[in-house]
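Contents: one structure, followed by commentary.
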Amino acid sequence: MSYYYLASLKVNFGKTLPQILPALCLLSLVGCQAAQSRVEPNISFQSQTLVVSGRGMMDIPKTNARVSLGVQVQGETSGFVQQELAKRSQAVVNLLKARQDVTKLETTSISLNPRYSQKDGNQIIGYYANNLVRFQIAPEKIGTLLDEAIKTGATRIDGVTLVASDEAIAAAQKQAIDAASKDARSQADAALSALQLKQQQIVSIQINGARPPIPVAMEMTDLIQKAAPMNLANTAVVAGEQRIEAFVTLQVRYQPAQQ
Numbered sequence: 082m083s084y085y086y087l088a089s090l091k092v093n094f095g096k097t098l099p100q101i102l103p104a105l106c107l108l109s110l111v112g113c114q115a116a117q118s119r120v121e122p123n124i125s126f127q128s129q130t131l132v133v134s135g136r137g138m139m140d141i142p143k144t145n146a147r148v149s150l151g152v153q154v155q156g157e158t159s160g161f162v163q164q165e166l167a168k169r170s171q172a173v174v175n176l177l178k179a180r181q182d183v184t185k186l187e188t189t190s191i192s193l194n195p196r197y198s199q200k201d202g203n204q205i206i207g208y209y210a211n212n213l214v215r216f217q218i219a220p221e222k223i224g225t226l227l228d229e230a231i232k233t234g235a236t237r238i239d240g241v242t243l244v245a246s247d248e249a250i251a252a253a254q255k256q257a258i259d260a261a262s263k264d265a266r267s268q269a270d271a272a273l274s275a276l277q278l279k280q281q282q283i284v285s286i287q288i289n290g291a292r293p294p295i296p297v298a299m300e301m302t303d304l305i306q307k308a309a310p311m312n313l314a315n316t317a318v319v320a321g322e323q324r325i326e327a328f329v330t331l332q333v334r335y336q337p338a339q340q
């Protein structure tokens with residue numbers, strides 16, 4: 082019974098296929114036309130964006146001097162070197178602690194190393210040790226303090242860097258960002274106005290940093306060797322200014338004039 086039904090169905094389908102084929106082709110054609118008539122977003126009607134970058138600068142006085150100095154001792158035995166280093170370093174630290182104008186005093190490095198013979202690189206002929214400290218002081222007081230530190234026992238000055246105070250830098254960073262934002266907005270307004278375009282809104286804001294440049298240390302080469310014949314207290318130090326820069330990038334959405 083099932084086989085007869087399937088056979089009949091097959092025969093009937095074979096007979097009716099020529100009759101329904103035109104209708105199937107018509108439906109297929111309508112389906113293709115419907116697929117082709119889908120409305121895609123027209124990019125030309127979408128609003129465009131303008132990217133501008135503004136710059137802000139602030140010059141602030143350098144009111145702090147970061148000083149790095151220390152004591153270096155050489156000797157034949159490690160015990161003598163360590164004792165001598167501790168004695169001289171303590172004298173220098175006591176001098177710095179006694180100065181109320183010295184701030185942010187800290188030890189940055191303590192080291193003890195063997196000294197080897199130049200003839201035989203494996204033979205130890207002695208030891209040398211270093212104790213380095215770092216602190217801040219007003220630039221105009223650098224010469225006097227370094228002169229006193231050398232007389233007390235300091236034997237090396239690693240560098241003096243002139244910088245603005247942390248509070249002044251933080252305030253200048255905000256002002257530089259404000260100036261850079263206004264500069265970028267002014268550029269966008271000028272460009273769109275000249276092209277007779279209508280501004281919609283700011284879609285993105287990027288702050289490209291408001292960091293001060295890396296401070297450059299003063300040249301301190303051979304200062305210890307020259308300290309004996311010269312008086313560092315009479316050395317004039319002109320701090321100058323430190324520049325803070327910020328860059329702000331805006332992405333502004335606008336419409337063509339006909340809209």
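Residue numbers (our numbering): 82 to 340.
Think of the CB as a built atom: it goes at the ideal place given N, C-alpha and C, for glycine as much as any other residue.
In this text, all values refer to a predicted model and were calculated from it rather than measured experimentally.
Beta-bridge analysis with DSSP links alanine 146 to Ile218, Leu243.
The shortest CA-to-CA distance from isoleucine 205 to any of Thr130, Ser159, Pro220 is the one to Ser159. When only Cα atoms are considered, leucine 227 and valine 319 end up about 16 Å apart.
Distance check between glycine 240 and each of Gly151, Val132, Leu186, Arg334 places Gly151 closest, using alpha-carbon atoms only. The closest CA to that of glutamine 181, considering only Phe216, Ile286, Ser274, Gln164, is found on Phe216. The C-beta distance from isoleucine 141 to glutamine 254 rounds to 10 Å, too long to meet the 8 Å contact threshold. The Cβ-Cβ distance between isoleucine 218 and alanine 327 does not fall below 8 Å. Around the CB of serine 190, fewer than 16 other CB atoms lie within 10 Å, so the residue is classed as exposed. Annotation: the continuous alpha helix (DSSP H) that includes arginine 169 extends over 159-179. Annotated as distal: valine 214 and valine 154, with beta-carbon spacing of 8 Å or more. Exclusion of the five residues before and after threonine 188 leaves Val214 as the residues of its chain whose Cβ lies within less than 6 Å of its Cβ. Lysine 185 carries a strand assignment under DSSP once its states are collapsed to helix, strand and coil. Contact between the region 264-271 and the region 129-143 is present: three or more C-beta pairs spanning the two stretches fall below 8 Å. Within its own chain, the residues whose Cβ lies closer than 7 Å to the Cβ of alanine 235, once the five positions on either side in sequence are excluded, are Leu150, Gly151, Val152, Val173, listed in chain order.
For glutamate 322, the pairing in a beta bridge is given by DSSP as Pro142. The C-beta distance from leucine 331 to isoleucine 288 rounds to 10 Å, too long to fall under 8 Å, and the pair is not in contact. In this structure, lysine 143 lies near glycine 321, with their beta-carbon atoms less than 8 Å apart.
The residues Gln280, Tyr335, in chain order, have a CB closer than 6 Å to that of leucine 273 in the same chain once the five nearest residues on each side in sequence are set aside.
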